[in-house]
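Visitor: To start, I am sharing the structure in question, which I have written as structure tokens.
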Amino acid sequence: MKKVLTIIFSGAMLFANAQNFVCGTTEKTQEAIKADPSILDVEKALNDFTAQYALQPHKSAAGRDCPIIIPIVFHILHNFGPENISDAQVIDQVRILNDDYNKRNADTADVVAAFKNIIGDIGVEFRLAHLDPKGNPTNGIIRHAVMQAYSGNDNAKVDPWPRDKYLNVWVCSSMEDGVAGYAYLPATVAGYITDKDGIMILHNYIGSIGTSKPYNSRALTHEVGHYLNLPHVWGGSNQPGVACGDDGVNDTPITKGSNLSCNLNMNECEIGTIENVQNYMDYSYCSKMFTEGQKTRMLATLNSTISSRRNLWDCANLTLTGTNDPYDIDDPASKPIAAFGTTTLYTCVGNPVKFIDASYNGFREPSERLWEFGDDADIQNSTDSVVSVSYFTPGWKIVKLSVGNGYGSTTSVDSFAVYVSEGNVFHTAPFYENFEGSDAFDQWTSINYGGTPSYFKPTNVAARSGNHCYMVNNYKLTRESDVEEIVSPAMDLSGLTNMTFSFYYSLASADQFYSDKSVDSIKIYASINCGANWLFLRGIGGHKIVNGGYTLANYVPTAGFYWQKETFTMSGNIKKPNVLFKIQYKSSNLSNNFYIDDINIGGVDVTGINETVFNNGVLKVFPNPSNGNTSLMFTSEVSEDATIEIFDVSGKLVSTVYKGNINAGENRFDFDKSTFPSTGVYFVKVKTASQVFGAKAIITE
């Protein structure tokens with residue numbers, strides 16, 4: 000067959016959704032080449048090397064110093080769900096790889112006569128690494144509890160092991176656009192995106208057991224083919240069934256490719272020539288073989304230094320990765336690494352929380368396990384893998400898990416394993432929060448998934464009104480799909496008539512192309528059972544919410560026009576006496592800082608309240624909350640006349656409690672129960688000709 004070889008696309012994707020068989024290779028390739036045009040030169044060099052390699056005699060497996068063994072590590076990205084697949088499912092996948100790449104798969108018997116004599120035995124073995132990059136024993140299956148499990152793209156390729164020593168395979172829960180997996184060809188990752196080298200694939204396309212099925216089990220065989228420089232059989236186009244194409248391999252016929260069909264007599268491109276529908280690099284779902292030509296192309300790649308493929312099976316590297324002989328996949332001599340998580344990070348006193356042992360690194364169950372939940376838990380210790388625990392007191396809980404086997408033991412301690420709330424109602428809606436009261440931040444709970452360095456925290460560097468707000472410190476810290484949350488204090492919405500919810504936010508990006516790629520989002524949820532279930536209320540996302548624009552500096556909104564107001568109507572289903580709200584922010588890969596302020600539940604009139612800002616002093620109300628017997632203290636820079644006013648939560652003036660002179664320095668005023676007409680939230684404002692002080696007072700029974 001005539002070789003037609005111009006630009007072979009450098010990325011490849013296999014699609015999970017049979018109804019939407021559209022590949023993302025073209026876009027990924029164009030982005031890579033646009034960023035680094037030298038990819039084309041590397042691609043030509045590898046193709047030239049491959050052509051020369053095909054003309055030379057080569058040693059048989061018996062004549063090589065070392066067999067071609069590729070050390071492989073699986074990174075399981077999960078959120079404690081079914082995507083956290085078993086070791087057995089991974090081992091089953093390694094078995095399938097080794098069968099397919101050594102012509103041991105029994106279904107080669109079903110290959111049609113036209114191709115039976117050219118089935119390629121690649122002679123490559125894949126072994127789970129038994130030594131990690133630091134030389135520690137491992138089973139080659141690493142588990143990462145990260146929200147990137149749901150994005151499944153290059154930015155989800157967390158903690159890659161050195162690509163010159165290991166083939167990295169990341170296994171995820173979901174991917175974009177119906178994609179089931181993708182891999183880069185060697186030329187694309189030779190210099191520009193070396194840390195993205197490897198394979199990303201869905202958990203239900205790993206192996207033939209567990210969450211997968213036999214008909215999905217050849218997906219990784221396909222992706223490893225791309226990793227070893229095989230294009231799709233139809234060549235550089237991205238969609239099968241569109242046009243006849245050439246993959247540059249001399250014994251694979253020109254073909255359009257199949258899209259889930261398996262017509263063994265397909266001959267749409269060359270009269271009298273049957274197309275190789277059963278090839279692993281097609282989408283036919285009846286794939287059973289590589290050809291001899293594809294074998295030569297892959298072996299050439301493994302003998303090339305481009306993207307470090309040759310070093311993978313170097314004798315010294317097999318020793319460094321623990322994949323040299325003698326090798327026993329069932330005995331990596333590794334101790335388990337303790338890890339655990341929960342189904343929720345927020346609950347109430349008395350409500351059960353499920354703790355899940357997610358330890359890894361040792362095959363099978365650990366022979367030793369001990370949970371320690373603390374003295375205020377109904378179950379203080381357990382040896383079970385999954386435990387439901389209730390707590391009797393509020394606050395963040397410290398949980399400890401120790402696991403071991405015959406090779407050793409490890410312990411994991413989480414000081415913020417779960418937040419337990421009292422569940423008491425703090426406020427009666429309507430409710431307004433501008434984070435200016437001394438206790439405002441104490442009533443909101445910041446939830447940080449995965450212990451990432453970016454999280455919701457109080458700040459005084461910016462505010463839409465006043466001097467304070469909440470922010471997520473994304474600057475130089477964020478990863479795509481990091482999820483951060485704040486949970487409100489409980490409030491009574493049973494008598495609320497105005498069901499509007501509004502807030503102001505400000506967000507910038509450190510990516511000048513954010514308008515094309517931003518996945519930032521803000522979502523609002525409500526719970527009527529103390530966080531056991533959350534009802535989605537509102538979500539906004541994409542590049543349109545990046546209202547602060549593009550900046551490489553540490554973003555701070557310095558003017559009012561940098562703040563965007565978002566308003567929506569809440570569901571009537573949450574007009575209940577005890578309601579929590581959760582604000583969730585998800586970042587892009589290069590998000591800059593995110594700020595939120597002035598949360599208004601129930602349409603509070605803030606005309607009077609928003610004048611209450613801190614300019615040159617600090618006002619404190621104590622005790623707070625109180626029964627009405629409370630004190631007001633602030634420091635003034637000058638002696639001047641002042642007015643002290645109290646507003647209710649709707650912004651209505653309740654009373655003017657003082658008109659007169661205040662001192663330069665510290666001032667204190669004491670109030671009794673008669674100052675406040677009823678329980679609830681009030682705003683105290685001290686106003687002079689030169690300054691305004693404000694604070695929130697909470698009055699309880």
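As numbered in numbering that gives the first Met the number 0, the sequence shown has no gaps in its residue numbers, which increase by one up to the final residue, 700. Even for Gly, the Cβ is constructed at its ideal location relative to N, Cα and C. All figures in this text were calculated on a predicted structure; none of them were measured in a lab.
Could you spell out the range, first to last residue, of the alpha helix (DSSP H) harbouring Y226?
Guide: That run of the alpha helix (DSSP H) goes A218 to Y226.
Visitor: Rank S673, V637 and L631 by C-alpha distance to the C-alpha of A694 and give the top, closest one.
Guide: Nearest of S673, V637 and L631 to A694, Cα basis: L631.
Visitor: Is it the case that the region 596-603 contacts the region 538-546, given that we only count it when at least three CB pairs across the two stretches are under 8 Å?
Guide: Flag = no, the region 538-546 and the region 596-603 do not touch.
Visitor: Using only the alpha-carbon positions, how far apart do R217 and S464 sit?
Guide: Rounded to the nearest angstrom, the two C-alpha atoms are 58 Å apart.
Visitor: Out of N203, N152 and K164, point me to the one whose CA is closest to Y183's CA.
Guide: Nearest of N203, N152 and K164 to Y183, Cα basis: N152.
Visitor: So what's E42 in DSSP terms, helix, strand or just coil?
Guide: Three-state DSSP puts E42 in a helix.
Visitor: Let me make sure I understand the geometry here. Which of P159, H202, V188 and A186 has the alpha-carbon closest to that of V708?
Guide: Outside the shown range of the chain (0 to 700) lies residue 708, about which nothing can therefore be said.
Visitor: With three or more C-beta pairs closer than 8 Å as the rule, is the region 146-161 touching the region 343-350?
Guide: No contact exists between the region 343-350 and the region 146-161.
Visitor: For the 8 Å Cβ check, are there 3 or more pairs between the region 317-336 and the region 66-78?
Guide: Because the criterion of three Cβ pairs below 8 Å is met, the region 317-336 and the region 66-78 touch.
Visitor: For a test of the three-state rule: what should DSSP assign to V398, helix, strand or coil?
Guide: DSSP places V398 in strand when its eight states are reduced to three.
Visitor: Keeping to the same chain, check which residues put their C-beta closer than 6 Å to that of D413; ignore five residues upstream and five downstream.
Guide: The answer, listed in chain order, is V398.
Visitor: What's the gap between the Cα of F512 and the Cα of A552?
Guide: Computed Cα separation, rounded: 16 Å.
Visitor: Quick one: what's got a C-beta closer than 6 Å to F434's C-beta in the same chain, skipping five residues either side?
Guide: Closer than 6 Å at the Cβ level, and outside the excluded window around F434, lie H467 and C468.
Visitor: List the DSSP bridge partners of Y681.
Guide: Bridge partners of Y681: D647 and A696.
Visitor: Under three-state DSSP, which class holds Q583?
Guide: Q583 falls in the strand class under three-state DSSP.
Visitor: What residue does the beta strand (DSSP E) around A416 start on, and which one ends it?
Guide: Looking at the DSSP string, the run of the beta strand (DSSP E) that includes A416 is G407 to S420.
Visitor: Going by beta carbon distance, what residues of the same chain come within less than 6 Å of G234, once the five residues before and after it are set aside?
Guide: For G234, where only same-chain residues beyond five positions count, the Cβ hits under 6 Å are G244, D245 and D246.
Visitor: Per the DSSP calculation, G540 is bridged to which residue(s)?
Guide: G540 pairs with S520.
Visitor: With the cut-off set at 7 Å, would you say T187 and I336 are in Cβ contact?
Guide: No; because the gap between Cβ atoms is not below 7 Å, this pair is not in contact.
Visitor: One question on the structure: do S283 and S257 come within less than 7 Å of each other, judged by their Cβ atoms?
Guide: Result yes, Cβ atoms of S283 and S257 sit closer than 7 Å.
Visitor: Quick check: the Cα distance between T382 and V683, rounded to an integer number of angstroms?
Guide: Approximately 53 Å between the Cα atoms of the pair.
Visitor: Can you name the start and end residues of the beta strand (DSSP E) that Q563 belongs to?
Guide: Looking at the DSSP string, the run of the beta strand (DSSP E) that includes Q563 is Q563 to T568.
Visitor: In angstroms with no decimal places, state the Cα-to-Cα distance between Y524 and I573.
Guide: Whole-angstrom Cα-Cα distance: 10 Å.
Visitor: Apart from the five residues just before and just after N380, which ones in its own chain have a Cβ nearer than 8 Å to its Cβ?
Guide: Closer than 8 Å at the Cβ level, and outside the excluded window around N380, lie L369, W370, E371 and F372.
Visitor: Which runs of the alpha helix (DSSP H) fall wholly inside the region 70-130 and span at least 4 residues, in chain order?
Guide: Listed in chain order, the complete alpha helix (DSSP H) runs (minimum 4 residues) inside the region 70-130 are 86-99 and 112-115.
Visitor: Would you kindly work out how many angstroms separate the C-alpha atoms of D329 and K195, rounded to a whole number?
Guide: Distance between the alpha carbons of D329 and K195: 29 Å.
Visitor: Measuring straight from C-alpha to C-alpha, what distance separates I305 and N46?
Guide: C-alpha separation (whole angstroms): 11 Å.
Visitor: Report all residues from its chain with a CB closer than 6 Å to the CB of D356; omit the five preceding and five following residues, and keep chain order.
Guide: Excluding sequence neighbours, D356 sits near F339 and S384.
Visitor: Where do the ends of the beta strand (DSSP E) carrying F440 lie?
Guide: First-last for F440: A439 to Q442, but that is the alpha helix (DSSP H), not the beta strand (DSSP E).
Visitor: To which residues of the same chain is S673 closer than 8 Å at the C-beta, ignoring the five residues directly before and after it?
Guide: Excluding positions up to five away in sequence, the list reads G627.
Visitor: Is A189 helix, strand or coil when you go by DSSP?
Guide: Coil at A189, not helix or strand.
Visitor: For the candidate residues G361, F354 and I595, whose alpha-carbon lies nearest to that of W443?
Guide: Measuring from the Cα of W443, the nearest candidate turns out to be I595.
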